[in-house]
Amino acid sequence: MLGSTRRASLSRLMVAVFVALLSAMLILAGIIVGLQSFGFLIQNSVWITQAAEMLNPILFTLSGIFGIWTLLLAYVSGWKTAD
744 MLGSTRRASL
754 SRLMVAVFVA
764 LLSAMLILAG
774 IIVGLQSFGF
784 LIQNSVWITQ
794 AAEMLNPILF
804 TLSGIFGIWT
814 LLLAYVSGWK
824 TAD
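In our numbering, the protein residues as written are 744 to 826.
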């Protein structure tokens, strides 16, 4: 019984981290789009490219961590490829 309790606790923690990573990715993507939209409105191409150059590495890193975390969460939750 202790094993299932630990697994449930681990699963809850992993879901919370999953939600935090997903939220961070969406917020950061929204910031990038907002900054680029502002650059478009003021017709400043440098602003558009610098917004992406500055924030894309962070977003790509978060996306990679999110993908790996999702795979681990699926494994801990008992997901099978046939599902």
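Note that beta-carbon positions come from the ideal geometry of N, C-alpha and C, so glycine has one too.
{"Item": "Same chain only: Cβ atoms within 8 Å of T833, ignoring 5 sequence neighbours per side", "Value": "A question about residue 833 goes unanswered here, because the residues of the chain that appear run from 744 up to 826."}
{"Item": "Cα-Cα separation between Y818 and R750, rounded to whole angstroms", "Value": "11 Å"}
{"Item": "Proximity of L764 and F809 at Cβ, strictly below 9 Å", "Value": "yes"}
{"Item": "Proximity of L778 and A794 at Cβ, strictly below 9 Å", "Value": "yes"}
{"Item": "Given L802 as reference, the closest of T748, F781, W822, I775 once Cα atoms are compared", "Value": "I775"}
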